[in-house]
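Visitor:
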């Protein structure tokens with residue numbers, strides 16, 4: 001920097017105060033309300049304090065859906081933010097719109113930020129990547145389905161937490177006799193359909209699980225494995241080994257918290273909320289069960305939650321600022337802070353190691369279940385899935401599977417309906433790409 | 001008799017321009033846009049689109065699910081309209097007879113009017129809660145295992161109850177003022193002719209209330225079709241799953257949550273046609289049968 005420029009800058013600095021010092025300002029639209037939003041603000045403040053060239057402003061835009069919809073409307077009006085948070089089921093819409101975003105991997109390498117996809121935890125790596133494995137969205141708040149159990153209840157029934165669904169079947173009658181609903185779940189599509197495929201390394205859609213393009217992608221839900229699984233779930237429900245309290249997440253989790261249900265499948269991030277509630281019984285978490293009859297060893301699951309997309313149409317300076325923010329966000333310290341504060345998994349191996357070294361998992365053993373499950377053996381079908389209009393497909397899954405469990409439909413019809421309506425939606429989505 | 005008028009032809013037009021602009025910008029323009037979108041399938045970001053003709057419409061009518069939602073909407077509208085009118089009329093007739101503390105009664109009955117639909121929905125969520133809702137417990141005493149959110153008809157029941165509760169006060173206010181507008185002389189004359197209170201009500205009061213009743217009928221149908229959105233959204237918490245929803249809510253679910261602009265535009269166009277039909281019906285009825293005095 002030459003002297004004249006420096007003087008000019010110093011004068012400007014003196015006149016306008018710190019905030020106006022040649023700062024590049026960027027905005028970040030997110031869907032994190034309440035305490036999560038506080039932590040988001042903390043990250044932004046940390047970034048702003050860590051350097052003087054860039055300033056990020058996080059803006060809370062409501063639910064995931066509201067954030068995506070306002071982001072789309074803003075993009076069409078040329079007023080898009082630099083960074084937009086998009087949830088798992090909506091990512092195909094954003095990634096499908098080529099030209100709406102700058103792939104994160106390109107953004108980072110163009111702006112001199114080191115990037116190696118291998119630094120990321122295995123189950124996190126490819127969920128928001130393209131078919132060549134290039135990362136498009138930056139994984140942000142990530143979690144995976146795991147199983148929580150009431151240790152007192154299990155002890156009372158004289159059983160151990162099950163590793164597989166076969167083991168679950170063996171202990172369910174004892175739990176029932178001890179006066180508990182043996183198992184409930186909280187999100188059928190996520191826990192018993194999407195991650196079911198990953199856990200057993202089964203294809204969930206044609207075209208490489210949809211990653212190879214929207215054209216001709218079909219959902220593979222009407223499979224023998226799914227039929228077997230839901231036949232069993234329905235049997236358990238009828239026997240009183242499984243409880244179903246509707247689509248509402250909290251209605252199901254509440255049964256566990258009230259001590260009625262002995263085990264529940266929930267999010268790896270739930271442990272924070274459970275800890276805060278100070279439940280009157282001992283509890284712990286373990287991996288999502290799998291069927292030994294399908295695979296001798298369970299595979300890793302993939303992440304749910306949301307990622308951050310760098311929106312296209314921004315100046316080089318602003319993109320540089322976005323890249324620098326991502327560098328800050330993915331640093332081990334910030335990831336560990338996020339992990340500790342919110343219960344979401346750290347996205348990099350370095351952050352996981354840091355949490356471990358700091359003794360976080362000795363204090364909260366349940367916090368480690370998520371990251372460890374995401375690092376189990378990988379397979380061809382453990383990357384994730386990419387299906388357009390997946391929000392509606394999820395609605396269909398929720399609707400039909402809930403109908404099975406509330407006794408309105410027969411499960412084989414339900415799976416066939418999901419396949420039929422799902423494929424119709426996928427074909428419609430392919431046309432939107434026109 | 002002298003007629004008031006404008007001297008210039010331009011002044012009235014000038015005065016109408018603001019209103020017409022608002023209608024054009026906020027109604028006609030979006031309506032035309034929705035009509036156009038309904039013939040396309042498009043990427044929400046605006047990068048790609050395919051002209052699909054009437055496919056967005058045909059796929060709706062081929063879908064048993066859409067028809068199921070439409071049927072529920074009809075049932076929902078009929079029940080909500082009927083019960084909120086009937087209850088309000090009953091309360092208004094009773095309140096009209098009260099002499100002591102009349103104002104207190106009336107104010108108490110109107111209170112609920114101030115509650116916003118999402119708040120009403122939220123109160124419903126608490127009352128019908130699956131684990132500790134007082135109404136759920138009450139039903140439990142009669143052997144009805146009430147499961148809002150898990151059971152289709154239980155959720156439908158809760159939605160209808162909440163929507164009726166929310167609408168009764170509006171109807172009550174209108175019915176009460178309608179009753180008070182009936183001349184005392186007419187009532188006294190009726191009292192001489194007929195000693196039966198219910199007979200007097202059906203022969204004299206009810207026909208005289210008809211204009212109010214008809215107006216409220218239209219208002220209530222519109223309410224049940226469109227304004228119950230907040231109640232439904234709160235009850236299903238954004239994810240209808242196997243729970244019932246109305247046509248308007250489905251537009252939101254497919255368009256705003258699912259980003260299917262073409263499909264939800266087609267649904268909006270269908271609703272526009274429905275409203276148009278309702279309006280035509282209203283005007284024809286007003287002209288032919290109902291006489292406002």
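Residue numbers (our numbering), protein chains in the order written: chain A, 1 to 434; chain B, 1 to 293.
The beta-carbon is built from N, C-alpha and C at its ideal position, and this holds for glycine as well.
All of these numbers come straight from a predicted model, not from anything done at the bench.
#1: Helix, strand or coil: how does DSSP classify residue 17 of chain B here?
#2: Using DSSP's beta-bridge definition, name the partner residues of residue 209 of chain A.
#3: Shorter than 7 Å, the distance from the beta carbon of residue 209 of chain B to the closest heavy atom of the ligand FMN, or not?
#4: For the region 43-95 of chain A, which segments carrying the alpha helix (DSSP H) assignment without a break, of at least 4 residues, lie completely within its bounds, in sequence order?
#5: Can you list the residues of chain B that residue 254 of chain A reaches, using a CB-CB cut of under 7 Å?
#6: Looking only at its own chain, which residues have a Cβ that is under 8 Å from the Cβ of residue 162 of chain B, when we skip the five neighbours before and after it?
#7: Using C-beta distances below 7 Å, list every residue in its chain close to residue 129 of chain A, excluding the 5 sequence neighbours before and after it, in chain order.
#8: Cβ atoms of residue 151 of chain B and residue 406 of chain A: under 8 Å apart, would you say?
#9: For residue 226 of chain A, is the classification buried or exposed, using 16 other Cβ atoms within 10 angstroms of its Cβ as the cut-off for buried?
#10: For residue 273 of chain B, count neighbouring C-beta atoms within 10 Å of its own C-beta (all shown protein chains included) and say buried if the count is 16 or more, exposed if not.
#11: Let me know the secondary structure DSSP gives residue 132 of chain B once reduced to three states.
#12: Is there a Cβ of chain B sitting closer than 8 Å to that of residue 355 of chain A, yes or no?
#13: When the Cα atoms are used, what is the spatial distance from residue 12 of chain A to residue 22 of chain A?
#14: What does residue 71 of chain B reach in chain A if we use C-beta pairs closer than 9 Å?
#15: To which residues of the same chain is residue 63 of chain B closer than 8 Å at the C-beta, ignoring the five residues directly before and after it?
#16: Can you tell me the Cα-Cα spacing of residue 262 of chain A and residue 94 of chain A, whole angstroms?
#17: Using 8 Å as the limit for Cβ to Cβ distance, is residue 426 of chain A near chain B?
#18: First and last residue of the alpha helix (DSSP H) that includes residue 105 of chain B?
#19: Using a Cβ-Cβ cut-off of less than 9 Å, list which residues of the region 149-166 of chain B approach chain A; keep chain order.
#20: With a 10 Å radius around its C-beta and 16 neighbouring C-beta atoms as the bar for buried, classify residue 186 of chain B as buried or exposed.
#21: Excluding the five sequence neighbours on either side, which residues of its own chain have a C-beta within less than 8 Å of the C-beta of residue 48 of chain A, listed in chain order?
#22: Classify residue 134 of chain B: buried if its beta carbon has 16 or more other beta carbons within 10 angstroms, exposed otherwise.
#23: Please list the partners that residue 403 of chain A has in chain B, where partner means a Cβ-to-Cβ separation under 7 Å.
#24: With residue 41 of chain B as the anchor, note down where its beta strand (DSSP E) starts and where it stops.
#25: What did DSSP end up calling residue 49 of chain B once you bin it into helix, strand or coil?
#26: Using a Cβ-Cβ cut-off of 8 Å, state whether residue 50 of chain B counts as contacting chain A.
#27: Can you tell me which of B/141, B/159 and B/138 puts its alpha carbon nearest to the alpha carbon of residue 148 of chain B?
#28: Applying a beta-carbon distance threshold of less than 9 Å, which residues of chain B neighbour residue 246 of chain A?
#29: Taking 8 Å as the CB-CB limit, is residue 98 of chain A close to chain B?
#30: With 16 as the cutoff for other CB atoms within 10 Å, does residue 52 of chain B come out buried or exposed?
#31: Tell whether a beta-carbon distance below 8 Å holds between residue 38 of chain B and residue 280 of chain B.
#32: Taking the alpha-carbon of residue 233 of chain A as reference, which of A/294, A/169 and A/206 has the nearest alpha-carbon?
#33: So what's residue 180 of chain B in DSSP terms, helix, strand or just coil?
#34: Go through its chain and collect everything with a Cβ distance to residue 92 of chain B's Cβ below 7 Å, but skip five positions before and after it.
#35: Indicate the three-state DSSP secondary structure (helix, strand or coil) for residue 200 of chain A in the structure shown.
#36: Closer than 9 Å by beta-carbon distance: list the chain A residues that pair up with residue 253 of chain B, in chain order.
Guide: Taking the structure as given:
#1: helix
#2: Listed as beta-bridge partners of residue 209 of chain A by DSSP are no residues whatsoever.
#3: The model depicted lacks the ligand FMN and carries no ligand whatsoever.
#4: 64-76
#5: Within 7 Å of the CB of residue 254 of chain A, the CB atoms of chain B belong to 131, in sequence order along the chain.
#6: If the five residues before and after residue 162 of chain B are omitted, its C-beta is found closer than 8 Å to the C-beta atoms of 120, 121, 123, 124, 231 and 235, all from its own chain and listed in chain order.
#7: 135 and 136
#8: yes
#9: buried
#10: exposed
#11: In this structure, residue 132 of chain B counts as coil in the three-state DSSP scheme.
#12: no
#13: With a pLDDT of only 47 at residue 12 of chain A, under the threshold of 50, the placement of this residue in the model should not be trusted, and no figure is reported.
#14: In chain order: nothing, as chain A lies at least about 15 Å away.
#15: None.
#16: 40 Å
#17: Interface residue (Cβ-Cβ distance to chain B less than 8 Å): residue 426 of chain A is not classified as such.
#18: 102-110
#19: 149, 150, 151, 152 and 155
#20: With fewer than 16 neighbouring CB atoms inside 10 Å of its own CB, residue 186 of chain B falls in the exposed class.
#21: Sequence-distant partners of residue 48 of chain A (beyond 5 residues in either direction) whose C-beta falls short of 8 Å from its own C-beta, in its chain, are 54, 55 and 56.
#22: exposed
#23: 242
#24: 40-42
#25: strand
#26: Yes, its Cβ sits closer than 8 Å to a Cβ of chain A.
#27: B/159
#28: 130, 147, 148, 149, 150, 151, 155, 241, 242 and 243
#29: Yes - at least one Cβ of chain B is within 8 Å of the one on residue 98 of chain A.
#30: buried
#31: Against a cut-off of 8 Å, the Cβ pair of residue 280 of chain B and residue 38 of chain B comes out as no contact.
#32: A/169
#33: Correct three-state label for residue 180 of chain B: helix.
#34: 172, 175, 176 and 179
#35: coil
#36: Under a criterion of Cβ atoms nearer than 9 Å, the residues of chain A adjacent to residue 253 of chain B are, in order, 391, 392 and 395.
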